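To start, the structure itself, in structure tokens.
Protein chains in written order, with the working numbering: chain A, 1 to 367; chain B, 1001 to 1367.
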């Protein structure tokens, strides 16, 4: 049990009171903000997420707003994904790379209008990079962090709960699209998205003052649907192959190493800062890549540092996330493995804190 | 008691094992890294820091290395402090501002050579801003985070402990100067600096592999000096007026609002990105400014969100850090107060979570 010392620097959110009302048991810190990690227990939260509906305080997915005539140009500077065909109302998962092709973040870009975007960020101060590029490139664009805090509704009953609060129109939102929906006279962006594979929505709550009213409305409306406060679930996200920036990849890694090559159109993404660096890796492929890996034996402890992945005693990779999966009846893990050992079915060993364990490369998520 | 969930994303340090050997009780997260906050108790740690000597794992003060012919030019882009007279071997506390004059970080710059600098950062990914400016400005400079983890030795017996490990030469290091000292055949930067007012050093440990050997050598040599693992102490740093980026100021604030005008030479800092924006505030002064504030009554709880500062019921500021000080026999606090109410001796009220308390503006630290 590790204690966290609270301070202003670890920002509370517009929903913190709601989260505490549900007896949040543990937090992490993400974008200088509190992110709940456990309510009842990771396993109970996991089961409930797969069977009911949860409301998640994911305010830590801070937004970067780009506004002005060069907003689209700046957005394309940031990513090797070709954004030319993207329309207002769409969300794109976009790897963000620096001039060496190293990943700085893996956010969701929200195109509000041709000259207005939000970037819903993972855990790094991407704002600083975007501001630096805008300033250095003398672009006509305003870049800042608006008062927008996402609230996610995830789980199989998410449509019913959202419809109860926002009306049946939300049912028609397609995956990674968004619409505007009213709450207490305020028009909010509601997208079908979220950091789970159970389906659901993210509400971009603009204005901290309506945070708790919206939280309470969702909890109240969800009473007959077994709603509970929840949060991104370690087990479920590893099972689903959802990567975590800072855990599974850092600025050491290219998108291709992370299995995100399908989100890169390096040839046509003209203007992308990392384009030159990525052209070669896009053509030839990476020499190491992220893979799902199963680890045998009892439940492993939390993975708080890289665990070496070995083959015949030689290091061929590392595990960055791991958890016991009740549904898969094994430890599920995410690791980076060298090309020589990344084929499905390859038998490896993992040096966990409790000793060596047998492990097997599983089918890549994206195939 | 708030729990922290560990993961790879919250990086361990080269000294984590040493910190755990001493039974660290609580952490915070700082630059995506674990920073200890409590060993025995905040009050015991405070007393011991003022009377003996502590070894602090401040690896979270990550370094940004600037290397190349434009390193000095880039460094001056970052800050309104005039760096022309700075010599290799010196450390400067430098406010870092964006193009609007808002503070992005308040690091210590370490000038290793004319074409090589380290920036020892506070809690924000300043690397992204520096890389963005270097890229946008097409500067000939390499910018990255080297494998350097500072270890601080703080307290009245710091000179004796350091001399026992590095030799008597360390006693001659002047304040905010550094020299190179040998440890196990490695030459390390050792500066007289640190985040306390008790005196001491920061060792820039280059190479994670010598982290624990150095930790152990300091602990062993310090046995007869009552050495203990320690960490930046909430009470002592507020008493001493040491600001904390993210707590006491953010990118909303100018250096002048933070009482850091003495580190700004806005007129002569040619090249500083925020120079235009700061010229006016440098001349006219800010309309709100950081002040030490005493809060009456029993010990206040940790300040994990801004507490409004009131005068006759009207909001005139906010508290951002607070703690009970045994030596001052009152609650010491740091707050931002409007010009109309910032004079020494002004009587105010603070809306703490436990109710309104009387409070008084204390003399500014920097006068």
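Where is the CB? At the ideal position from N, CA and C, for every residue including glycine. Computed from a predicted model, the values in this text were never measured in an experiment.
Closer than 8 Å to chain B by CB, residue i
{"i": "residue 303 (chain A)", "result": "yes"}
{"i": "residue 306 (chain A)", "result": "yes"}
{"i": "residue 48 (chain A)", "result": "no"}
{"i": "residue 131 (chain A)", "result": "yes"}
{"i": "residue 25 (chain A)", "result": "yes"}
{"i": "residue 294 (chain A)", "result": "no"}
{"i": "residue 12 (chain A)", "result": "yes"}
{"i": "residue 9 (chain A)", "result": "yes"}
{"i": "residue 125 (chain A)", "result": "yes"}
{"i": "residue 2 (chain A)", "result": "yes"}
{"i": "residue 6 (chain A)", "result": "yes"}
Residue i, DSSP secondary structure in three states
{"i": "residue 1329 (chain B)", "result": "coil"}
{"i": "residue 166 (chain A)", "result": "helix"}
{"i": "residue 1105 (chain B)", "result": "strand"}
{"i": "residue 16 (chain A)", "result": "helix"}
{"i": "residue 45 (chain A)", "result": "helix"}
{"i": "residue 257 (chain A)", "result": "coil"}
{"i": "residue 1192 (chain B)", "result": "strand"}
{"i": "residue 75 (chain A)", "result": "helix"}
{"i": "residue 1237 (chain B)", "result": "helix"}
{"i": "residue 1051 (chain B)", "result": "helix"}
{"i": "residue 2 (chain A)", "result": "strand"}
{"i": "residue 22 (chain A)", "result": "coil"}
{"i": "residue 1037 (chain B)", "result": "strand"}
{"i": "residue 269 (chain A)", "result": "coil"}
{"i": "residue 1242 (chain B)", "result": "coil"}
{"i": "residue 1067 (chain B)", "result": "strand"}
{"i": "residue 1008 (chain B)", "result": "coil"}
Enclosing alpha helix (DSSP H) for residue i [first to last residue]
{"i": "residue 1032 (chain B)", "result": "Careful: residue 1032 (chain B) lies outside any alpha helix (DSSP H) and carries neither H nor E."}
{"i": "residue 281 (chain A)", "result": "275-284"}
{"i": "residue 299 (chain A)", "result": "Where residue 299 (chain A) is concerned, there is no enclosing alpha helix (DSSP H), given that its DSSP letter is neither H nor E."}
Chain A contact for residue i (CB, 8 Å cutoff)
{"i": "residue 1315 (chain B)", "result": "no"}
{"i": "residue 1098 (chain B)", "result": "yes"}
{"i": "residue 1074 (chain B)", "result": "no"}
{"i": "residue 1140 (chain B)", "result": "no"}
{"i": "residue 1275 (chain B)", "result": "no"}
{"i": "residue 1057 (chain B)", "result": "no"}
{"i": "residue 1204 (chain B)", "result": "no"}
{"i": "residue 1104 (chain B)", "result": "yes"}
{"i": "residue 1310 (chain B)", "result": "no"}
Residue i - containing beta strand (DSSP E), residue span
{"i": "residue 1116 (chain B)", "result": "1116-1120"}
{"i": "residue 133 (chain A)", "result": "Run containing residue 133 (chain A): none in the beta strand (DSSP E); it sits in the alpha helix (DSSP H), 126-136."}
{"i": "residue 1357 (chain B)", "result": "1355-1361"}
{"i": "residue 1182 (chain B)", "result": "1178-1183"}
{"i": "residue 1349 (chain B)", "result": "1347-1352"}
{"i": "residue 1213 (chain B)", "result": "Where residue 1213 (chain B) is concerned, there is no enclosing beta strand (DSSP E), although the alpha helix (DSSP H) it sits in stretches over 1211-1221."}
{"i": "residue 202 (chain A)", "result": "200-206"}
{"i": "residue 230 (chain A)", "result": "227-230"}
{"i": "residue 366 (chain A)", "result": "Per DSSP, residue 366 (chain A) belongs to no beta strand (DSSP E) and is neither H nor E."}
{"i": "residue 1264 (chain B)", "result": "First-last for residue 1264 (chain B): undefined, no H or E at that position."}
{"i": "residue 146 (chain A)", "result": "No beta strand (DSSP E) contains residue 146 (chain A), which DSSP labels as neither H nor E."}
{"i": "residue 80 (chain A)", "result": "Note, residue 80 (chain A): premise wrong, no beta strand (DSSP E); not H, not E."}
Cβ neighbour criterion (16 or more within 10 Å) applied to residue i
{"i": "residue 1172 (chain B)", "result": "exposed"}
{"i": "residue 1273 (chain B)", "result": "buried"}
{"i": "residue 1363 (chain B)", "result": "exposed"}
{"i": "residue 184 (chain A)", "result": "exposed"}
{"i": "residue 339 (chain A)", "result": "exposed"}
{"i": "residue 1113 (chain B)", "result": "exposed"}
{"i": "residue 62 (chain A)", "result": "buried"}
{"i": "residue 1328 (chain B)", "result": "exposed"}
{"i": "residue 366 (chain A)", "result": "exposed"}
{"i": "residue 85 (chain A)", "result": "exposed"}
{"i": "residue 175 (chain A)", "result": "exposed"}
{"i": "residue 1226 (chain B)", "result": "exposed"}
{"i": "residue 1138 (chain B)", "result": "exposed"}
Check your understanding: Should the region 3-11 of chain A be called in touch with the region 1026-1036 of chain B, which here means at least 3 C-beta pairs below 8 Å?
Key -> yes
Point to revise | Three or more C-beta pairs below 8 Å linking the region 67-83 of chain A and the region 128-138 of chain A | key: yes
**Study point:** Three CB pairs or more closer than 8 Å across the region 144-153 of chain A and the region 202-213 of chain A
**Key:** yes
Exercise for review: Would you check if there are 3 or more beta carbon pairs closer than 8 Å linking the region 1356-1365 of chain B to the region 1286-1302 of chain B?
Suggested key: yes
Review point. For the region 224-243 of chain A against the region 78-90 of chain A, are there 3 or more C-beta pairs whose distance is under 8 Å?
Key: no
Practice item. Could you tell me whether the region 254-265 of chain A touches the region 302-317 of chain A, where touching means 3 or more Cβ pairs closer than 8 Å? Key: no
Check your understanding: Counting Cβ pairs, one atom from each stretch, are 3 or more of them under 8 Å apart for the region 1007-1018 of chain B and the region 1047-1065 of chain B?
Key -> yes
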